[in-house]
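See below for the structure under consideration.
Number of protein chains: 2
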Amino acid sequence: MTKIRILIADDHAVVRSGLKQLLGAQPDMEVVGEAGDGLEALGLAKSQKPDVIILDIGMPGVSGLEAVSLIKEAVPSCQIVVLTMHGKESFVRQVLSAGALAYVLKASPVSDVLEAVKAVHRGEYFLSSKIEAEVVGAYLDSRKQAPTPRGYDLLSEREQQIFRLVAEGNSTNQIADVLCVSPKTVEKHRTNIMKKLNLKDRLDMVKYAVKIGIIDPQLWQD
Amino acid sequence: MTKIRILIADDHAVVRSGLKQLLGAQPDMEVVGEAGDGLEALGLAKSQKPDVIILDIGMPGVSGLEAVSLIKEAVPSCQIVVLTMHGKESFVRQVLSAGALAYVLKASPVSDVLEAVKAVHRGEYFLSSKIEAEVVGAYLDSRKQAPTPRGYDLLSEREQQIFRLVAEGNSTNQIADVLCVSPKTVEKHRTNIMKKLNLKDRLDMVKYAVKIGIIDPQLWQD
DNA sequence: CTGTCCATGGGTGGCAACCCGTATTTTTGG
DNA sequence: CCAAAAATACGGGTTGCCACCCATGGACAG
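Sequence order for the protein chains is A and B.
If you're matching positions, the first sequence starts at 1 in the numbering used here and goes up one per residue.
If you're matching positions, the second sequence starts at 1001 in the numbering used here and goes up one per residue.
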């Protein structure tokens, strides 16, 4: 059985040696290179073509995020385990979007690193449990309908109609045109709506509409 | 160290005995009961108060899904591993929503069952890798990965910076204030940006920002 | 019948957004 | 080094947004 060829990229030598120790001790793993920054990692990835790269995204110079994209572009066969200190949600998304398969926190048990390496080598995802909880949570959220909180239904029918038109991005005049009423009337309704829902401007109305599910941002795609 | 107390619920005796064999052989696990349907599982859960329940959701009578809800309601301290044949996406969602922490396919390697039990006992999620890929995929979908269509990157750096600030809902004056330049300058940049990207107003800019992933509508929630 | 809500519309005014130029300085690339 | 591009800034103009004021007419409840 051939060993998993691993490249370590981290700006802290201490971390590198620790990882090297850990991975080198595994019978099925082999460290084939070390890099101290993103560019070096990219270079080694090209020359060594490792199976897996363990990448710290707290590195100076080329940001870890860019490094992920660049490496996946240059060496698609190489799977990436992102190692990091912080579990920022937005970061997770970007990193996974960029093509990494695993996201491991430095605070996680070291066994997580080993599992992550094995998982990505099989082409599977691996997420530290904390992150996993977030991802699953977001997954559930994304399929949950907004219960239309009190507020919207306390608008009159006419107001709801105008609310929708405003939320869709129509101007006062456009709405007046569609409804065949004076712009003044539309404005009046809009003002009343904003007062009732405690919104300060049109942009707020759009956000509110998205929030309660009247508007789907997905529809803005193209 | 105290063993993990496990209840097995599956309508197939063969599966039950197989699981009992597997789990009983673990030094840190102990099977404290077996149930052949959802109601029996609920009763045993109440009387035995196991740490973990392995629940097949293909059972007759009370559906596995209801069983999850009922058990979590009756014995909240008890974590649930759902075991099933099919990897239907909608099912995963419902099951996780109902309170199960793990979703394991019967086709998965048996080691997955052990890992799942350990994970849920620690209060963590565990998903079979196939499912995990789906969940992560949906997670990414929900936050739209945009390849940043030609347009945004044809803005100068300053313009990109101002674009972000506008998209976040800042007014011209606020931006001028932050960047310590004249509002007129900000306005000029904004005008140029709108011209380049063919957007007609601020609202359009927000939509565009959402579209290419610079702004996350999720952040508008509350 | 009288108050209240709703829809309608009118007026004024402030201010931000948006459109047009122009011009200076700095940066950058050939 | 020079030209092009970008960043900076100003002035003037139109339009839309929003906040306050007001009035009218219909519906419906008490």
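No residue lacks a Cβ here, since even glycine has one placed at the ideal position from N, Cα and C.
Problem - Of the residues A:Leu101, A:Ala67 and A:Ser156, the one placed nearest Val81 (chain A), counting alpha carbons only - result: Minimum Cα distance to Val81 (chain A) is reached at A:Leu101.
Exercise for the section: List the residues of chain B that Leu203 (chain A) touches, going by C-beta distances under 8 Å, in chain order. Expected result: Chain B residues near Leu203 (chain A): Gly1169, Arg1202, Leu1203 and Val1206.
Practice task
Would you check if there are 3 or more beta carbon pairs closer than 8 Å linking the stretch 1180–1193 of chain B to the stretch 1156–1168 of chain B?
Solution key: With the rule of 3 Cβ pairs closer than 8 Å, the stretch 1180–1193 of chain B counts as touching the stretch 1156–1168 of chain B.
Practice task
Closer than 7 Å by C-beta to Lys3 (chain A): which residues in its own chain qualify, once you throw out the five before and the five after it? Chain order, please.
Solution key: So the list reads Asp28, Met29 and Glu30, once near-sequence residues are dropped.
Exercise for the section: Go ahead and label Thr191 (chain A) buried or exposed: buried means 16 or more other beta carbons lie within 10 angstroms of its beta carbon, across all protein chains shown. Expected result: So Thr191 (chain A) counts as exposed.
Handout entry: Neighbour-count burial assignment, Ser128 (chain A), 16 or more Cβ in a 10 Å radius
Key = Under the 10 Å beta carbon count, Ser128 (chain A) is surrounded by 16 or more other beta carbons and is classified as buried.
Problem - Inter-stretch contact at 8 Å, needing at least 3 Cβ pairs: the stretch 150–158 of chain A / the stretch 1191–1205 of chain B - result: As far as the Cβ criterion goes, the stretch 150–158 of chain A does not touch the stretch 1191–1205 of chain B, which means the pair count is below three.
Practice task
Return no unless some Cβ of chain B is closer than 8 Å to the Cβ of Pro147 (chain A).
Solution key: Because Pro147 (chain A) sits at a pLDDT of 49, beneath the cut-off of 50, its placement in the model cannot be relied upon, and the point is left open.
Problem - Stretch pair the stretch 1062–1079 of chain B + the stretch 1098–1116 of chain B: three plus CB contacts closer than 8 Å - result: With a cut-off of 8 Å, the stretch 1098–1116 of chain B and the stretch 1062–1079 of chain B count as touching, because enough Cβ pairs lie within range.
Handout entry: C-alpha distance - Ile57 (chain A) paired with Ser1077 (chain B), whole-angstrom precision
Key = Rounded to whole angstroms, Ile57 (chain A) and Ser1077 (chain B) show a C-alpha spacing of 37 Å.
Exercise for the section: Compute the beta-carbon to beta-carbon distance between Gln48 (chain A) and Val32 (chain A), rounded to the nearest angstrom, for a pair I have assumed lies under 8 Å. Expected result: Contact holds; Cβ gap of about 5 Å.
Problem - chain A within 8 Å of Arg1016 (chain B), Cβ atoms only - result: So, not an interface residue.
Problem - Cutoff 8 Å: Ser111 (chain A) Cβ touching any chain B Cβ - result: So no, Ser111 (chain A) is outside the interface.
Problem - Cβ-based burial, Ser108 (chain A) [other Cβ within 10 Å; buried from 16] - result: It counts as buried.
Problem - Residues that DSSP places opposite Thr2 (chain A) in a beta bridge - result: DSSP output for Thr2 (chain A) lists no bridge partner at all.
Problem - Straight-line gap, Met85 (chain A) to Leu1219 (chain B) (C-alpha atoms, nearest Å) - result: Rounded to the nearest angstrom, the gap between the Cα atoms of Met85 (chain A) and Leu1219 (chain B) is 23 Å.
Problem - Rounded C-alpha distance that separates Val1092 (chain B) from Glu40 (chain A) - result: If you draw a straight line from the Cα of Val1092 (chain B) to the Cα of Glu40 (chain A), it is about 42 Å long.
Practice task
Answer yes or no: do Val1095 (chain B) and Val1117 (chain B) have a C-beta to C-beta separation smaller than 8 Å?
Solution key: Against a cut-off of 8 Å, the Cβ pair of Val1117 (chain B) and Val1095 (chain B) comes out as no contact.
Practice task
May I ask you to report which of helix, strand or coil DSSP gives Gly1043 (chain B)?
Solution key: When DSSP states are grouped into helix, strand and coil, Gly1043 (chain B) belongs to the helix group.
Exercise for the section: Mark Val1110 (chain B) as exposed unless 16 or more other C-beta atoms lie within 10 angstroms of its C-beta, in which case mark it buried. Expected result: Answer is exposed; the Cβ neighbour count stays below 16.
Practice task
Excluding the 5 residues preceding and the 5 following Val206 (chain A) in the sequence, name in chain order all residues of the same chain whose CB lies nearer than 6 Å to its CB.
Solution key: Within the same chain, Cβ atoms closer than 6 Å to the Cβ of Val206 (chain A) are found at Ala167, the five residues on either side in sequence being excluded.
Handout entry: Alpha-carbon to alpha-carbon, Tyr103 (chain A) and Gln1026 (chain B)
Key = Distance from the CA atom of Gln1026 (chain B) to the CA atom of Tyr103 (chain A), rounded to whole angstroms, is 29 Å.
Handout entry: Under the three-state DSSP convention, the category Lys1118 (chain B) falls into
Key = In the three-state reduction of the DSSP assignment, Lys1118 (chain B) falls in the helix class, which pools H, G and I.
Exercise for the section: Work out the CA separation of Val1052 (chain B) and Leu1007 (chain B) for me, nearest whole Å. Expected result: Rounded to whole angstroms, the gap between the alpha carbons of Leu1007 (chain B) and Val1052 (chain B) is 6 Å.
Problem - C-beta atoms of Lys1130 (chain B) and Leu1105 (chain B) nearer than 8 Å - result: Using a Cβ distance threshold of 8 Å, Lys1130 (chain B) and Leu1105 (chain B) count as a contacting pair.
Problem - Separation of Ser1182 (chain B) from Gln1174 (chain B), as counted between CA atoms - result: Rounded to whole angstroms, the gap between the alpha carbons of Gln1174 (chain B) and Ser1182 (chain B) is 11 Å.
Problem - Alpha-carbon to alpha-carbon, Gly1169 (chain B) and Ala1176 (chain B) - result: Spanning the alpha carbons of Ala1176 (chain B) and Gly1169 (chain B) requires a straight line of approximately 13 Å.
Practice task
May I ask which residues mark the beginning and end of the beta strand (DSSP E) holding Val32 (chain A)?
Solution key: For Val32 (chain A), the enclosing beta strand (DSSP E) covers residues Met29 to Ala35.
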